[in-house]
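**Student:** The letter at position 73 of the sequence shown is residue 107 when you use the working numbering, and the numbering goes up by one with no holes.
Just so it is clear, CB atoms sit at the ideal spot from N, CA and C, and this is done for glycine as well.
Predicted, not measured: the structure shown is a model, and the values here were computed from it.
First, the structure itself, so that you have it in front of you.
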Amino acid sequence: MPIAAPAALYGSLLCVTSRGVRFLAAMASQATHYVFVYGTLKTGEPNNHVMKDSENGKATLIGTAVTVKKWPLVIASSYNIPYLLHCEGKGHVSYCAGSVR
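So, in structure tokens, the structure goes:
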């Protein structure tokens, strides 16, 4: 799952970072998508308010999830933003736990 852009579509699953939520809301308009969020966007985490903000669209928690494959997670940029890289099984990899909305 590359997360180089704010949002990337894989079948009907969108993966986003907190900075990409407004972009996602504008892109989706009337469409319904499942979004896998991890880190601070999950319920109970500090940036979950972004998912609840109606200006970003409507997000309803479906449930918790874990990636089926192992992906490397890196913390990058001066803002320490986590990214999952589309390099299955390379480097230090693990399953990513998150929630689906």
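Put L107 into one of helix, strand or coil per three-state DSSP.
**Tutor:** Looking at L107 - three-state DSSP - the assignment turns out to be strand.
**Student:** Quick check on G73: buried or exposed, where buried means 16 or more other Cβ atoms within 10 Å of its Cβ?
**Tutor:** By the neighbour-count rule (16 or more Cβ atoms within 10 Å), G73 is buried.
**Student:** Going by DSSP in three states, L118 sits in which element: helix, strand or coil?
**Tutor:** Strand.
**Student:** In angstroms, rounded to a whole number, what distance separates the CA positions of N81 and S88?
**Tutor:** Going by the C-alpha atoms only, they are around 14 Å apart.
**Student:** Please classify G132 as buried or exposed, where buried requires at least 16 neighbouring CB atoms within 10 angstroms.
**Tutor:** Burial call: buried.
**Student:** So, helix, strand or coil for I37, using DSSP?
**Tutor:** Reliability of the predicted coordinates at I37 is poor, the pLDDT of 37 falling under 50, and the value obtained from them is presented with this limitation in mind. Residue state, collapsed to three classes: coil.
**Student:** Is it right to say Y44 is buried, meaning 16 or more other beta carbons lie within 10 angstroms of its own, or is it exposed?
**Tutor:** Confidence in Y44 is poor, its pLDDT being 40 and thus under 50, which makes the residue's placement unreliable; the coordinate value appears in the next sentence. Exposed, because fewer than 16 other Cβ atoms sit within 10 Å of the Cβ of Y44.
**Student:** Can the beta-carbon of K86 be found closer than 8 Å to that of A93?
**Tutor:** Closer than 8 Å, so yes.
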